[in-house]
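Peer 1: Take this structure first; my questions come after.
There are 2 protein chains.
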Amino acid sequence: MQICQIVGYKNSGKTTVMNNLIRYFSSSDMKVGTLKHHGHGGEPDVVEDTDSTTHIEAGSLVSGVQGENITQLTFNVKVELDKLVQLFSNFPIDLLLVEGYKNASYPKVVLVKNEQDFSLLSDLSNIIAIGTWDENLMKNSKFQTFNLNNLNSNIEQLADYVRRC
Amino acid sequence: MQICQIVGYKNSGKTTVMNNLIRYFSSSDMKVGTLKHHGHGGEPDVVEDTDSTTHIEAGSLVSGVQGENITQLTFNVKVELDKLVQLFSNFPIDLLLVEGYKNASYPKVVLVKNEQDFSLLSDLSNIIAIGTWDENLMKNSKFQTFNLNNLNSNIEQLADYVRRC
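Protein chains in written order, with our numbering: chain H, 5 to 169; chain W, 5 to 169.
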């Protein structure tokens, strides 16, 4: 299973890039898994009053609900990224796209919104490409850069980078 | 990790028994995990327009979202019960309470609502106890029987059976 991260500060376009890559790879021959980290202490939205929520509220630490086609697991325990990745690797997935967890060491595409974001380029490890909404910003960069304004036309090239990462 | 199933037909009281057992064990020293099967082709309720749902709709087969305390995984692939149980066993859980999957072979408490449910007692394997709302129904039974009408007062005894299963 290949792993590639999409990282960047808030409102840098992570969601847009993720969704475009998922659609691109899924419509090709790759089986995609995805993992997103909610920054700033946010929590995933959960449906109130479902069995899963009721079980968690009653004290269950890991609560699963399975239907015909969908299985959902809710963990009310700390799960480290490594353990999550290991868990994904138990399923027939070719590529795991990871949004966030910028301090992790997997190959990553960094989204750069403005000059304040430049610190990411020196602080983060294993950068394989940059995405930006302002190409002038990155004109002197040593990294391969993708213009996020025309993601439709260059998604194939970005996907190629991700696939080789 | 011990495993115990709570099984029975629709409206036999599975949800009530599950929630009482979860609360009982969690308030004692046991770490509990739970798994519920939606019968009759039902699906778990999922929140629309979350990242997880968006990723699944875009083609992701396994989609995870992680916040400070909660991690949620959604699988848009068939996951067999054995694989789910194996997955739970990777977490620090003492007891996995399983609602449904009545044809599985784990030790189980069968909930009996009326005489039509008697077939369960001959068809299912590894029955350790019966729960019923009508004790007269089970007066000739060879199984240890619990009256579900006073679950508050006999939850400890039922839990003891489950713990030893």
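Here a beta-carbon is modelled for each residue, glycine too, at the ideal position from N, C-alpha and C.
Measuring CB to CB, does H/L100 end up less than 8 angstroms from H/V89?
Peer 2: Within the first sequence, numbered from 1, the residue matching residue 100 of chain H stands at position 96. Within the first sequence, numbered from 1, the residue matching residue 89 of chain H stands at position 85. Yes. Within cutoff.
Peer 1: Using CA atoms only, rank isn't needed, just tell me which of H/W137, H/S109, H/N24 and H/S157 is closest to H/N118.
Peer 2: Numbered from 1 along the first sequence, position 114 holds the residue referred to as residue 118 of chain H. For the residues H/W137, H/S109, H/N24 and H/S157, the minimum Cα distance to H/N118 belongs to H/W137.
Peer 1: Within the 8 angstroms Cβ cut-off, does H/N156 reach chain W?
Peer 2: Sequence index remark: in the first sequence, residue 156 of chain H carries index 152 (1-based). So no, H/N156 is outside the interface.
Peer 1: Assuming H/F150 and H/A133 form a contact by the criterion Cβ under 8 angstroms, report the distance between their Cβ atoms to the nearest whole angstrom.
Peer 2: Counting from one through the first sequence, the residue named residue 150 of chain H turns up at place 146. Counting from one through the first sequence, the residue named residue 133 of chain H turns up at place 129. Between H/A133 and H/F150 the Cβ distance is about 6 angstroms, and since that is below 8 angstroms, they are a contact.
Peer 1: What residue ranges within the segment 78 to 121 of chain W form continuous beta strand (DSSP E) runs of no fewer than 3 residues, ordered along the chain?
Peer 2: If we require 3 residues or more, the beta strand (DSSP E) runs fully inside the segment 78 to 121 of chain W come out as 99 to 103 and 112 to 116.
Peer 1: Does the segment 63 to 79 of chain W touch the segment 10 to 22 of chain W, meaning 3 or more C-beta pairs lie closer than 8 angstroms?
Peer 2: Counting Cβ pairs under 8 angstroms, fewer than three are found: no touch.
Peer 1: Our contact map puts H/I131 next to H/N24 with C-beta atoms below 8 angstroms; I'd like the distance itself, whole angstroms only.
Peer 2: Here residue 131 of chain H corresponds to residue number 127 of the first sequence, with the count starting at 1. Here residue 24 of chain H corresponds to residue number 20 of the first sequence, with the count starting at 1. That pair is no contact at about 19 angstroms.
Peer 1: Assuming H/S129 contacts H/S109 under a Cβ cut-off of 8 angstroms, what Cβ separation, rounded to an integer in Å, is found between them?
Peer 2: For the purposes of this step, residue 129 of chain H is taken as the residue at position 125 of the first sequence. For the purposes of this step, residue 109 of chain H is taken as the residue at position 105 of the first sequence. Rounded, the Cβ-Cβ distance is 5 angstroms, consistent with contact.
Peer 1: Checking 8 angstroms against the spacing of the C-beta atoms, do H/S157 and W/A62 come in under that value?
Peer 2: Here residue 157 of chain H refers to the residue found at position 153 when the first sequence is read from its first residue. Here residue 62 of chain W refers to the residue found at position 58 when the second sequence is read from its first residue. Result no, Cβ atoms of H/S157 and W/A62 do not sit closer than 8 angstroms.
Peer 1: Looking only at its own chain, which residues have a Cβ that is under 6 angstroms from the Cβ of H/D98, when we skip the five neighbours before and after it?
Peer 2: Numbered from 1 along the first sequence, position 94 holds the residue referred to as residue 98 of chain H. Only M34 and K35 meet the Cβ criterion.
Peer 1: Just to confirm, are H/V116 and W/F92 a CB contact at a threshold of 8 angstroms?
Peer 2: Along the first sequence, one-based indexing puts residue 116 of chain H at 112. Along the second sequence, one-based indexing puts residue 92 of chain W at 88. No, the pair does not count as a contact, with Cβ atoms beyond the cut-off.
Peer 1: Along the chain, where does the alpha helix (DSSP H) that runs through H/K18 open and close?
Peer 2: One-based indexing of the first sequence puts residue 18 of chain H at position 14. Taken as a continuous stretch (DSSP letters only), the alpha helix (DSSP H) holding H/K18 covers K18 to S31.
Peer 1: Residue range of the beta strand (DSSP E) that W/Q6 falls in?
Peer 2: Counting from one through the second sequence, the residue named residue 6 of chain W turns up at place 2. Note, W/Q6: beta strand (DSSP E), Q6 to G12.
Peer 1: Excluding sequence positions up to five away, which residues of its chain have a Cβ less than 6 angstroms from the Cβ of W/L162?
Peer 2: Locating residue 162 of chain W in the second sequence gives position 158, counting from the first residue. Taken in chain order, the residues that qualify are F150.
Peer 1: Using a beta-carbon distance below 8 angstroms, is W/G68 in contact with chain H?
Peer 2: Within the second sequence, numbered from 1, the residue matching residue 68 of chain W stands at position 64. Yes, because at least one Cβ of chain H sits closer than 8 angstroms to the Cβ of W/G68.
Peer 1: Counting contacts by CB-CB distance shorter than 8 angstroms, is W/A62 in contact with chain H?
Peer 2: Counted from its first residue, the second sequence places residue 62 of chain W at position 58. It does: the Cβ of W/A62 has a partner Cβ on chain H nearer than 8 angstroms.
Peer 1: Pick from H/R167, H/I60 and H/D55: whose alpha carbon is nearest that of H/V69?
Peer 2: By one-based count along the first sequence, residue 69 of chain H stands at place 65. Residue H/D55 is the option with its Cα nearest to H/V69.
Peer 1: From the DSSP secondary-structure annotation, give me the bridge partner or partners of W/I134.
Peer 2: For this step, residue 134 of chain W is matched to residue 130 along the second sequence. Answer by DSSP bridge pairing, in chain order: W/V114 and W/T149.
Peer 1: In or out: H/K143 buried (at least 16 other Cβ within 10 Å) or exposed?
Peer 2: As a first step, residue 143 of chain H is located in the first sequence; it is residue number 139 there, counting from the start. It is exposed - the Cβ of H/K143 has fewer than 16 other Cβ atoms within 10 Å.
Peer 1: Note down, in chain order, every chain W residue with its Cβ under 7 angstroms from the Cβ of H/R167.
Peer 2: On the first sequence, position 163 is the one that residue 167 of chain H refers to. Per Cβ cutoff of 7 angstroms: no residues; H/R167 is ~15 angstroms from chain W at best.
Peer 1: Looking at chain W, which residues of the segment 20 to 37 of chain H have a Cβ within less than 8 angstroms of any of its Cβ atoms?
Peer 2: Result list: M22, N23, I26, R27, F29, S30, S31, K35, V36 and G37.
Peer 1: Could you give the first and the last residue of the continuous beta strand (DSSP E) run that contains H/S67?
Peer 2: On the first sequence, position 63 is the one that residue 67 of chain H refers to. H/S67 -> beta strand (DSSP E) spans V66 to Q70.
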